[in-house]
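Residue numbers (our numbering): 278 to 499. Note that CB positions come from ideal geometry on N, CA and C, so glycine has one too. Note that this is a predicted model, so its numbers are computed, not measured. The structure under discussion appears below in the form of structure tokens.
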Ligand code: TMP
């Protein structure tokens with residue numbers, strides 16, 4: 278078993294996950310833990326290039342679901358071996374903004390790829406490295422849709438959001454159903470947090486969950 282702690286944050290577009298990841302990282306640093314802040318897809322030079330291809334590159338228009346699944350997991354395979362495992366072995370707290378559950382929800386449920394195939398590719402990519410704790414931030418789908426639209430209009434409507442944000446409501450309903458199914462199947466790892474209240478209230482709830490895990494581990498602080 279690794280000596281660090283691996284925490285992932287998950288949720289649909291507009292759930293406030295990135296804000297909460299940043300808050301959690303700040304809090305851990307204030308408490309003097311050694312922290313590694315990561316995001317998926319991305320987190321390595323190779324992964325960031327793949328992220329661009331997946332989200333923004335004109336070359337990604339017309340990407341098939343199968344290619345999307347493999348690119349997500351190419352970035353993940355690199356991140357696990359280049360960064361996550363060494364960080365955990367060094368006793369760090371790894372905070373990852375999305376991880377393997379996003380593949381189950383987006384490529385499995387959203388893109389309707391065969392769940393067994395998705396699981397095989399995931400197993401190959403992560404090779405047993407899975408989060409100790411996953412915080413699933415949930416907002417009603419209407420709230421998520423409104424925040425997505427607000428983000429799109431923030432681009433001046435020129436880009437119309439990234440490739441995922443351009444999907445329709447039914448896609449995001451399937452993704453949300455996927456996340457709920459994961460939480461129901463793995464209650465020991467996945468904690469659902471209502472992300473409708475204020476950022477402060479949600480970040481306190483996030484911290485309570487992480488602090489409880491940390492106290493079980495007695496990790497080295499700085
Ligand atoms: P975001 O983290 O900035 O929201 O952007 C990442 C996008 O990629 C988001 O739309 C979810 C999507 N995604 C997948 O479809 N599958 C995955 O495995 C991951 C990590 C992300």
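- Contact between residue 467 and residue 486 does not hold, since their C-beta atoms are separated by about 11 Å, which reaches or exceeds 8 Å.
- By DSSP's assignment, residue 316 forms a beta bridge with 374.
- The alpha-carbon of residue 412 is positioned some 15 Å away from that of residue 474.
- The shortest CA-to-CA distance from residue 484 to any of 282, 285 and 305 is the one to 305.
- Ranked by Cα distance from residue 438, the first of 300, 331 and 490 is 331.
- Counting along the chain, residue 459 sits inside the alpha helix (DSSP H) bounded by residues 446-462.
- DSSP lists no bridge partner for residue 441.
- Runs of the alpha helix (DSSP H) lying entirely within the segment 358-409, each at least 4 residues long, are 362-366 and 392-403 in chain order.
- Where residue 287 is concerned, the enclosing beta strand (DSSP E) starts and stops at 282-287.
- A distance below 6 Å between beta-carbons, with the five flanking residues on each side excluded, links residue 301 to the following residues of its chain, in chain order: 372 and 483.
- Under DSSP, the beta-bridge partners assigned to residue 468 are 412.
- Using a C-beta cut-off of 8 Å, the segment 446-454 makes no contact with the segment 304-320, since fewer than three inter-stretch Cβ pairs fall below that distance.
- Taking non-hydrogen atoms of the ligand TMP into account, the C-beta of residue 375 is found less than 6 Å away from one of them.
- Using a cutoff of 6 Å, the CB of residue 317 counts as near the ligand TMP, since one of the ligand's heavy atoms is closer than that.
- Remark: C-beta atoms of residue 479 and residue 489 do not approach each other more closely than 7 Å.
- A direct Cα-Cα distance of roughly 12 Å separates residue 343 from residue 383.
- Within the same chain, and ignoring the five residues on either side of residue 356 in sequence, the residues whose Cβ sits closer than 6 Å to its Cβ are 320, 321 and 324.
- The C-alpha of residue 493 is placed about 33 Å away from the C-alpha of residue 351.
- Residue burial is scored here from C-beta neighbours: residue 426 has fewer than 16 other C-beta atoms within 10 angstroms and is therefore classed as exposed.
- In this structure, the ligand TMP has no non-hydrogen atom nearer than 6 Å to the beta-carbon of residue 401.
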